[in-house]
Amino acid sequence: MSVGEYIRESQIWRSIFRHPAPYDRRNRAVVMLTNFFLHLHPVSVKQGGIALSYTWCMGGVTFFLFLVETLTGVLLMFYYRPTLEWAFTDIRALRDVTTLGIMREIHRWGAHAMVITVWLHMYRVFLTGSYKPPREFNWVVGVLLLVLTLLLSFTGYLLPWDQLAIWAITVGSNMARATPVLGHEGPGFQLLNLGGYDLITNASDARFLLLGSRFVGEETLNRFYILHCVAIPLVVATLIAIHFWRVRKDGGISQPL
Amino acid sequence: MESHPDLTVSVIRGLGWFYLIVAVMNAFWTYRVFRSGAHYNSIAGFKDVPKAATWGLYTVVLAMLSFAHVIVDSTPADFLFRLPVGFKNLVDVVIANPISYFAVSMVIFVAMILLRRVWTRPTVAWVLLNIAMLFLGVSMTDYDFRQIVGKPDNVPIVGMLFLVGFFTWLYFYKSVENDRRIAAGEPKIEDEQSEQVLVWPDLVYTEMICMLLLTAFLIAWGIALQAPLEEPASAVKTPNPSKAPWYFLGLQEMLVYYDPWMAGVVLPSVILVGLMAIPYIDFNPKGNGYYTFEERKFSVITFLFGFLPLWVGMIVLGTFIRGPNWNMFGLYEYWDVHKLEVLNNVDLSQLFWVDWLGKPLPRPDANASALSQAGTIFLREWLGFALVLAYLFILPPLMAVTVFRSFFVKMGFLRFMVLANLILLMGALPLKMALRWAFTLKYIVSIPEWFFNI
Ligand code: HEM
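Just so you know, the sequences run in chain order S and Y.
This note's numbering numbers the first residue of the first sequence as 2 and each following residue consecutively.
This note's numbering numbers the first residue of the second sequence as -5 and each following residue consecutively.
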């Protein structure tokens, strides 16, 4: 009995993988059904549905990048404190002293790449007409994922707390000031008032809600940190689960009818 | 003034490696052409010249070019292979002007659709790719180009342009083929791949390889290019220009033409709602699950117009061309903070009352009641309001009985109204641009008293 066989016959191994290795047809089907990670997939698909030249693999790549971002993001959280005192120095330390500081590079370039691949995924889904019935709703879920991907990237942009960060966020969030009715420089903000006093001021408008302050400051850093590391990823993960489940329930990857 | 202040030896050597990549790519291409056995009937008196010979020659030239770059050690300023100044100036003039920038992108867009059968041919596409790569390479010898394109955060955008170009090509390539097959009554490309295969191994192995390649790619990218970190944040030192993150630069560009409430809130919301509405307003059942252009021309052209010139095009504009004071700069132009652009745009109400009627603008009386002030404001802006309301409410029914008649019949009232309004709102950006350029128009409706400008 070889070592490999010995391991595969052991009680431990068999308690984890309930079935023999996927060498024959039957076990190749069984492995898809009994493995938690693989059961995302069906047992068999149409060849065209997995042709790279058809799907461009962009949805899968986006998902993979999301996982990479989660992993590198968690590692970065060990080294980063979201306060005015430390944020910038912690990031600089990642470059200068931290052994695995390259995590920051991977995290940043992965984020850019994810924005690009999510666009390309949408581009392909549109161009193959895959949003047409019965997949209308999954397209809507997709659009939500697109927005959240951009917001993830946007909230993360602030965290290094350098000039690039705060001014990009300042420019981006200035828009909120002009929200109709709810921004203190938006049309119709005077509509919300109590006995002549405006309810919408620069300390109570949509921008204040976003920044937690009248300008991009420590409260903003805290808010964006929580949004970036906890709130948005949770929502994205949930929506991705729904998205994948719908792909299956809607009949798998679209193919000619 | 020295126009190439730091064409250093390392830049030139880097370019050498870049040309080497292009050469290797072309070596593969030469091999491919050689295998296909294609021949020219006669060239300069020689009969039956294999096409691979031309490509082989080109590859050798590239390899020599690469070699010349890599071994360079003389003074970089003497280095010869760069762009002629005349060419640079020409490109700068065309690009640094919004009218010609937009005109050129529209010409490319229309040509892309009309000439799809030509440029999807592999050889043509390969030549285009070579031109793009050589253009990028040679342009890198220019200091100002390198400053802006080489910024770490801008590198992904260059990559994105190549990817978008490639996938657009792939789409048209497959569509042209499928459309031909549909017309000839043959099965489509996708129909030929309807065999059922097992996910293990056919899909999981592909996924595995994809993940490994991507991981390697990200690590290589992370080592090669350091993530940017500028000076510590300072609330008093405003950089000029101040730019949003690159994926929002299309929106920031709209700020040139619309006020923040429109460009930053209303139009982005319209984009999102519009995207989500697509499945519910596209009533055409054809083209589901395969690539085609002919069977869904209208929806594809609309989407491509929104994605290519309006979204990607505006990101390119915002990233590479908008400089200090949000002025436009050519690709090879120095970002001069003192560059002046005359801006004397006028409001429609100004044009109407002062220029056309020769009267002063009606001014609300500060002591009058709120209602009478509002009345004066509406009087002052009546033409703008009338135009905007007509655009949004009269145009759709007009469209329904004319050009979009067949759509209206098939879609019903509600869907059609949503479609018409989305198209009109998407058109609002190019329209306002055109008005700005033609009449130096600032606002159609201008009520600064209420922060309400359109
Ligand atoms: C975080 C973002 C996203 C992830 C991780 C994701 C992932 C995926 C994956 C893995 C698939 C399987 C097929 C493929 O790879 O192409 C898929 C299919 C699909 N996605 Fe997404 N997606 C995302 C965003 C979007 C967006 C932005 C849209 C559209 C607006 C979208 C619409 C769809 C639709 C309609 C399908 C079914 C396609 C078909 O059956 O051909 N998704 N998605």
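Each residue gets a CB set at the ideal place from its N, CA and C atoms; glycine is no exception.
Under the three-state DSSP convention, the category residue i falls into
i                        : result
lysine 426 (chain Y)     : helix
serine 45 (chain S)      : strand
aspartate 91 (chain S)   : helix
leucine 1 (chain Y)      : coil
histidine 185 (chain S)  : coil
asparagine 175 (chain S) : helix
isoleucine 37 (chain Y)  : strand
tyrosine 198 (chain S)   : strand
aspartate 136 (chain Y)  : coil
isoleucine 435 (chain Y) : In the sequence under discussion, the amino acid at residue 435 (chain Y) is leucine, which differs from the isoleucine named in the question. In this structure, leucine 435 (chain Y) counts as strand in the three-state DSSP scheme.
glycine 74 (chain S)     : helix
proline 300 (chain Y)    : It should be noted that the sequence gives glycine, not proline, for residue 300 (chain Y). In the structure shown, glycine 300 (chain Y) sits in a helix (DSSP, three-state: H, G or I).
tyrosine 473 (chain Y)   : The structure shown does not extend to residue 473 (chain Y), since chain Y is modelled only from -5 to 448, so the question has no answer here.
asparagine 282 (chain Y) : coil
methionine 420 (chain Y) : helix
arginine 96 (chain S)    : helix
Assigned exposure category for residue i - 16 Cβ within 10 Å defines buried
i                           : result
methionine -5 (chain Y)     : Caution is warranted here: a pLDDT of 39 is assigned to methionine -5 (chain Y), below 50, making its placement in the model unreliable, and the coordinate value is therefore given only provisionally. Classification of methionine -5 (chain Y): exposed, given that the 10 Å Cβ count is below 16.
tyrosine 7 (chain S)        : exposed
alanine 364 (chain Y)       : exposed
threonine 434 (chain Y)     : exposed
alanine 169 (chain S)       : buried
phenylalanine 190 (chain S) : buried
aspartate 97 (chain S)      : exposed
lysine 41 (chain Y)         : exposed
tyrosine 284 (chain Y)      : buried
glycine 157 (chain S)       : buried
glycine 196 (chain S)       : exposed
phenylalanine 37 (chain S)  : exposed
lysine 237 (chain Y)        : buried
methionine 256 (chain Y)    : buried
glycine 5 (chain S)         : exposed
Sheet register partners of residue i (DSSP bridge)
i                           : result
glutamine 344 (chain Y)     : Answer is none; glutamine 344 (chain Y) lacks a bridge partner.
asparagine 447 (chain Y)    : Y:Ser440
phenylalanine 314 (chain Y) : Partner(s): none; phenylalanine 314 (chain Y) has no beta bridge.
valine 43 (chain Y)         : Y:Tyr34
methionine 322 (chain Y)    : Y:Arg316
aspartate 163 (chain S)     : Y:Pro226
valine 191 (chain Y)        : S:Val46
When the options are compared against residue i, the one with the closest alpha-carbon
i                           : options                                   : result
valine 126 (chain S)        : S:Ala94, S:Met2, S:Gly50 and S:Glu219     : S:Gly50
tyrosine 87 (chain Y)       : Y:Val18, Y:Ala414, Y:Tyr274 and Y:Met322  : Correcting the residue type first, residue 87 (chain Y) is valine in the shown sequence and not tyrosine. Cα-wise, what sits closest to valine 87 (chain Y) is Y:Met322.
phenylalanine 277 (chain Y) : S:Asn139, S:Pro134, S:Ala88 and S:Ala94   : S:Pro134
alanine 221 (chain Y)       : S:Leu68, S:Ala52, S:Met104 and S:Tyr24    : S:Met104
threonine 239 (chain S)     : S:Phe67, S:Asp199 and S:Leu34             : S:Phe67
valine 267 (chain Y)        : S:Ala30, S:Leu147 and S:Ser3              : S:Leu147
asparagine 223 (chain S)    : S:Thr150, S:Leu159, S:Gly130 and S:Thr90  : S:Leu159
serine 343 (chain Y)        : Y:Val439, Y:Phe161, Y:Val152 and Y:Leu109 : Y:Val439
isoleucine 265 (chain Y)    : Y:Phe301, Y:Phe410, Y:Ser236 and Y:Trp194 : Y:Phe301
methionine 100 (chain Y)    : Y:Phe12, Y:Tyr328 and Y:Gly307            : Y:Gly307
leucine 212 (chain Y)       : S:Pro21, S:Thr73 and S:Ser11              : S:Thr73
proline 161 (chain S)       : S:Leu77, S:Arg15, S:His20 and S:Asn36     : S:Leu77
leucine 383 (chain Y)       : Y:Trp215, Y:Leu345 and Y:Leu419           : Y:Leu419
methionine 449 (chain Y)    : Y:Thr200, Y:Val250, Y:Pro226 and Y:Ala238 : Outside the displayed range of chain Y (-5 to 448) lies residue 449 (chain Y), so it cannot be described from this structure.
proline 391 (chain Y)       : Y:Arg409, Y:Lys82 and Y:Arg374            : Y:Arg409
leucine 1 (chain Y)         : Y:Leu207, Y:Ile441 and Y:Tyr137           : Y:Tyr137
alanine 242 (chain S)       : S:Phe79, S:His40, S:Leu152 and S:Pro23    : S:His40
glycine 252 (chain S)       : S:Ser205, S:Pro83, S:Arg136 and S:Ala204  : S:Arg136
leucine 261 (chain Y)       : Y:Glu247, Y:Tyr274 and Y:Ile272           : Y:Glu247
valine 66 (chain Y)         : Y:Thr200, Y:Leu9, Y:Ser30 and Y:Ser263    : Y:Leu9
histidine 244 (chain S)     : S:Val4, S:Met2 and S:Phe64                : S:Phe64
glycine 324 (chain Y)       : Y:Trp49, Y:Phe12, Y:Phe81 and Y:Ser36     : Y:Phe81
threonine 71 (chain S)      : S:Thr150, S:Arg9 and S:Ile201             : S:Thr150
glycine 216 (chain Y)       : S:Ala232, S:Tyr55 and S:Ala112            : S:Ala112
isoleucine 6 (chain Y)      : Y:Ala214, Y:Thr396 and Y:Val132           : Y:Val132
leucine 219 (chain Y)       : Y:Thr296, Y:Pro150 and Y:Trp113           : Y:Pro150
* To do: Tell me, please, whether the segment 59 to 74 of chain S touches the segment 36 to 46 of chain S by the rule of three or more beta-carbon pairs shorter than 8 Å.
  => no
* Kindly confirm or deny that the segment 351 to 359 of chain Y and the segment 379 to 398 of chain Y touch, where touching means at least three C-beta pairs closer than 8 Å. => no
* Do three or more CB pairs link the segment 143 to 155 of chain Y to the segment 303 to 319 of chain Y at distances below 8 Å? -> yes
* Would the segment 162 to 179 of chain Y and the segment 219 to 238 of chain S be scored as touching if the rule is three or more Cβ pairs under 8 Å? -> no
* Does the segment 125 to 141 of chain Y come close enough to the segment 357 to 371 of chain Y to have 3 or more Cβ pairs within less than 8 Å? -> no
* To do: Would you check if the segment 14 to 34 of chain S and the segment 165 to 185 of chain Y touch, i.e. whether three or more CB-CB distances between them fall below 8 Å?
  => no
* Asked: Do the segment 78 to 95 of chain S and the segment 192 to 212 of chain Y make contact, defined as three or more Cβ pairs closer than 8 Å?
  -> no
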